[in-house]
Structure formats: structure tokens, C-alpha cells
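Chemist: This is the structure I want to talk about, given as C-alpha cells.
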Amino acid sequence: MAKRKKIVWYLIFTVPLLIIFTIIVLVPFIVGIYYAFFDWDGIGANPMTFTGLENFVRLLDDSRFLRSTWLTVLFTVLSVITVNAVGLAFALLVTSKLKLANLARTMLFMPYLIGGLILGYIWQFVFLDVFTLIGDVTGLESIFFNWLNNEDFALFALVFVFTWQMAGYVMIVYIAGLQGIPGEVIEAARIDGAGGWQRFMRITVPLLMPAFTISLFLTLSYGFKIYDVNLSLTGGGPANATELFAMNIYNEIFGYSNYGYGQAKAIVFFVIVAAITLTQVYITKKREVEM
Numbered sequence: 009m010a011k012r013k014k015i016v017w018y019l020i021f022t023v024p025l026l027i028i029f030t031i032i033v034l035v036p037f038i039v040g041i042y043y044a045f046f047d048w049d050g051i052g053a054n055p056m057t058f059t060g061l062e063n064f065v066r067l068l069d070d071s072r073f074l075r076s077t078w079l080t081v082l083f084t085v086l087s088v089i090t091v092n093a094v095g096l097a098f099a100l101l102v103t104s105k106l107k108l109a110n111l112a113r114t115m116l117f118m119p120y121l122i123g124g125l126i127l128g129y130i131w132q133f134v135f136l137d138v139f140t141l142i143g144d145v146t147g148l149e150s151i152f153f154n155w156l157n158n159e160d161f162a163l164f165a166l167v168f169v170f171t172w173q174m175a176g177y178v179m180i181v182y183i184a185g186l187q188g189i190p191g192e193v194i195e196a197a198r199i200d201g202a203g204g205w206q207r208f209m210r211i212t213v214p215l216l217m218p219a220f221t222i223s224l225f226l227t228l229s230y231g232f233k234i235y236d237v238n239l240s241l242t243g244g245g246p247a248n249a250t251e252l253f254a255m256n257i258y259n260e261i262f263g264y265s266n267y268g269y270g271q272a273k274a275i276v277f278f279v280i281v282a283a284i285t286l287t288q289v290y291i292t293k294k295r296e297v298e299m
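Taking the numbering used here, the leading residue of the sequence shown gets 9, the next gets one more, and so forth.
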């Protein structure tokens, strides 16, 4: 009887979630794969022409899509490095003997709570007005200018804003990892004469690998899928210099009404992101150290 009740409660809590997941995620994903083999403008009254693999072959000659792919990879690599470096530095700072550690945690985490669209518009104002004003006052116009209008700097502005948004979130993951490291291990290394850098590289970093696994997965997946900040901060400009993967797919489907071709891009996008993130998790999992 107890086992039967347990199964009933299990079904009560899981079946609704499975139904929602199927309707919202699984069914649209399957339908999207189906559309990828057709030439269709998204209007139900217009016919759908079966094209087979033509949409996928067409990607190889799409210079705008290939450029978007390269920009997304570059953006993600830079973001993964900066977000995790800054997030780990924040975690080390707030777990040290800092008097205002709790306040610092709150302030550093707050940018993540701001919606991506709002965040983009805030930093658009900063780059457009604040940076320009600082450049005029200090004379450092080669550094402080409107990065968003410069093709060479616009992507770095996007990386900067994404780092500002995500570093505090990643910090929480690293704080949990740091607090899970036994204090006696660090103390034993200190007694044996290990310096601060040696303790960090030989003890802290290996024992933080589970946190690295989670943080790298989050930043990789978020970096590849970024859209809201991309839309509000740069809109893909200037001259498509910041049109990343998600925006390129959105423009193809809803801007040019190429539903089939856009879905083909989305499928390729999904495969790339899945392959990279799963590879990252596999590699970092192998380097984790049991305490």
C-alpha cells in the first residue's frame, strides 16, 4: 500500500511536468525538424514545397550565416573566459575575511536579476552618453567613445555587458564550491609551507572542478543562445558586426519569412551547441577530484 501511494504521488508531480515539457519543448522541436525539409513562408494558406536537404546544403554558401557562426563562437569563447575569471575572482573576494562580504555578494549578484532587454538599453545609454562624456572630459577618446557604432569594438561591448550580467551568477556557483573545500586540507598545505598561489593551483582549483563543470556549461550554453541583450544593445549592428546565431535565425524566420530555411539553421544551431556543451561536460567531469 505504501509503495502504491508513493507511485501515485510520483505520478501526480511528474506527469503534469512531462505533459508541459512535451507540449512546449518536444512537439515544437519535432515540428521544427519537419519544417526544415520544406520551402515555406510561414503563411498557412501558401503551399509547402518539399526540398529535402537543400536548406542544409544552402547553409554552406550563406556568407551571412557563416559570419554569424564565427562571431558567435568568438563571442562565446571570450565570454566564457571573462565570465568565469571575473566570477571566480568575485567568489574568492567575498569568501575572504571581508567585513562587507554579504553586502558585496548581494551587489555583485544583482546585475543577473535585471532582464536582458532592460540591461541592454541601460548599457546602450552608458556607451552612447557616459563613455562619450568621459572621453571628452579626460581626452581619452581612443578608449572612451561609443563602442556600439564601431565594428571592431561592438562585439567587445557585447562581451563586456554579458560578463557584467553573468559574473555574479557564476560567483554563487564558485562560492558553493569554495565553501565545500575542507578547511583542514588548506591548513595542512599552509603548515607544509605551500604559498598562496601553490595552494590555489594545487588544492583549490582541482577541488573546484565540479563548480567549473557547472559554470562552464552555463556560460557556454548562455553564450551561444544569447538574444535579448544582443537585440537591445546592438540590434546586430553596426553592419551585422554583432548579429549572433540566435538573432540570425530569428531574422531569417520572422524578418524574411523563410521558415524552412530558418528551421534548418536552428537544427544546425542545436547540434553545434549540444555537441560543444556535452564535450565540455565530459572533459571537465573526468578532471573532477573526489574529496
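Here a beta-carbon is modelled for each residue, glycine too, at the ideal position from N, C-alpha and C.
Just so you know, these numbers come straight off a predicted model, no measurement behind them.
Does DSSP classify aspartate 47 as helix, strand or coil?
Modeler: Aspartate 47 falls in the strand class under three-state DSSP.
Chemist: Rank Ile126, Gly243 and Leu224 by C-alpha distance to the C-alpha of leucine 156 and give the top, closest one.
Modeler: Gly243
Chemist: What runs of the alpha helix (DSSP H), each 4 residues or longer, lie entirely inside the stretch 66 to 149?
Modeler: 71 to 102, 109 to 121, 124 to 133 and 139 to 146
Chemist: According to DSSP, what are the bridge partners of threonine 302?
Modeler: No statement about residue 302 is possible, as the shown extent of the chain runs from 9 to 299 and does not include it.
Chemist: Measure the C-alpha to C-alpha separation of glycine 263 and leucine 116 and round it to an integer number of angstroms.
Modeler: 37 Å
Chemist: Note down, in chain order, each residue of its chain lying with its Cβ closer than 7 Å to the Cβ of arginine 295, except the 5 sequence neighbours on either side.
Modeler: Met217
Chemist: Can you give me the Cβ contacts of valine 167 inside the same chain, cut-off strictly under 8 Å, excluding the 5 residues immediately before and after it?
Modeler: Phe83, Leu86, Ser87 and Thr90
Chemist: Touching or not, the stretch 141 to 153 and the stretch 254 to 263, by the rule of three or more beta carbon pairs under 8 Å?
Modeler: no
Chemist: Taking the alpha-carbon positions, what's the tyrosine 267 to asparagine 63 distance?
Modeler: Roughly 10 Å between the two C-alpha positions.
Chemist: Would you identify the three-state DSSP class for threonine 285, choosing helix, strand or coil?
Modeler: helix
Chemist: Name the one or two DSSP bridge partners that threonine 57 has.
Modeler: Asp47
Chemist: Quick check: what's the CA-CA separation for lysine 293 versus threonine 221?
Modeler: When only Cα atoms are considered, lysine 293 and threonine 221 end up about 7 Å apart.
Chemist: Taking 9 Å as the cut-off, decide whether the C-beta atoms of isoleucine 183 and alanine 99 are in contact.
Modeler: yes
Chemist: When the Cα atoms are used, what is the spatial distance from glutamate 192 to asparagine 158?
Modeler: 52 Å
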